[in-house]
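Numbered by my numbering, the letters in the sequence shown go through residues 8 to 230 in order.
Here's the structure, in structure tokens; my notes come after.
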Amino acid sequence: MRIFVDTGDINEVKQAAEWGILDGVTTNPTLIAKAGKGFRETVLAICEAVPGGDISAEVVATDYPTMLKEAMEISSWHPQITVKVPLIKDGIKLVSTLSDKGIRTNVTLVFTVGQALLAAKAGATYISNFVGRVDDLNIDGMAAVEETVQMVDTYGFDSEVLVASVRHPLHVTQAIAAGAHVATMPLKIIEMLFHHPLTDSGLERFLADWNKAGLSIFDKATV
Ligand code: E4P
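Right, here's the structure in full:
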């Protein structure tokens, strides 16, 4: 499963990219507004920080003609950009148009397998299935991810299922179990994936034993 970081903060992108485990970045209007810089400037800096990565940047209009203009503008900025489009009627029409033009799309704010079917039929590159926002309503958000992965497999759609609105490491575990193609998550969730108390205590013991024995990897001459 590919890992995207969900942020508009260039420092967070750089941090995740340094570990060599980052496949892409998702942004949304809220995250870009929070980043406090221009949209184009922020997205281009992100593209540069993740060479070859897939970078989602979202349109903000809600009518087809304006959305199309915005999508063409955004996709002209950099070849790594995927145009993010909300799941509304004009959005699905836009995804069909962009798909015919060979422009990659990420359909966002998808909550049900029925919505996912519309996105897949329109030719979406990614279907962003939001999990945390559904869990917040005391409904199992991961159920729609499982249904969508099955739907894509059963009918042989090219779309990939992207698990979004990830709130904790268990969502990542469940996304893997569901067979999702991508999960996008805040940097703090990627950091949480590193941690296990037995890793920490195990390493502490290894190093204590090594140091007690007075061992060294390098010959004294090479130090
Ligand atoms: C995905 O592309 C969205 O930007 C994001 O995952 C939304 O997450 P939230 O529900 O935590 O805002």
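The C-beta atom is built at its ideal place from N, Cα and C for all residues, glycine as well.
Item                                                                                                                                   : Value
Out of V170, L200, H85, D165, which one is the CA nearest neighbour of I53?                                                            : H85
In the DSSP assignment, find the alpha helix (DSSP H) that holds M192 and state where it starts and stops.                             : Careful: M192 lies outside any alpha helix (DSSP H), inside the beta strand (DSSP E) at 189 to 192.
Here's the rule I'm using: 16 or more other beta-carbon atoms within 10 Å means buried, otherwise exposed. How should V90 be labelled? : buried
For G27, does the count of other Cβ atoms within 10 angstroms reach 16, so buried, or fall short, so exposed?                          : exposed
Alpha carbon to alpha carbon, how far is L94 from T115? Give it in angstroms, no decimals.                                             : 6 Å
Can you tell which of E198, G221, L124 has the C-alpha that lies nearest to the C-alpha of L29?                                        : E198
Taking the alpha helix (DSSP H) that E75 falls in, what are its first and last residues?                                               : What sits at residue 75 in the sequence shown is Leu, not Glu. Taken as a continuous stretch (DSSP letters only), the alpha helix (DSSP H) holding L75 covers 71 to 84.
Helix or strand or just coil, what does DSSP make of K100?                                                                             : helix
Exposed or buried, what is T161 when buried is set at 16 or more other beta-carbons lying within 10 Å of its beta-carbon?              : exposed
Taking only the alpha-carbon atoms, compute the straight-line gap between N136 and L51 and give it to the nearest angstrom.            : 25 Å
Rounded to whole angstroms, what's the CA-CA distance from A131 to T37? Just pull it up for me.                                        : 22 Å
Which of the three DSSP states is assigned to I239 in this structure?                                                                  : Outside the shown range of the chain (8 to 230) lies residue 239, about which nothing can therefore be said.
Here's the rule I'm using: 16 or more other beta-carbon atoms within 10 Å means buried, otherwise exposed. How should V67 be labelled? : exposed
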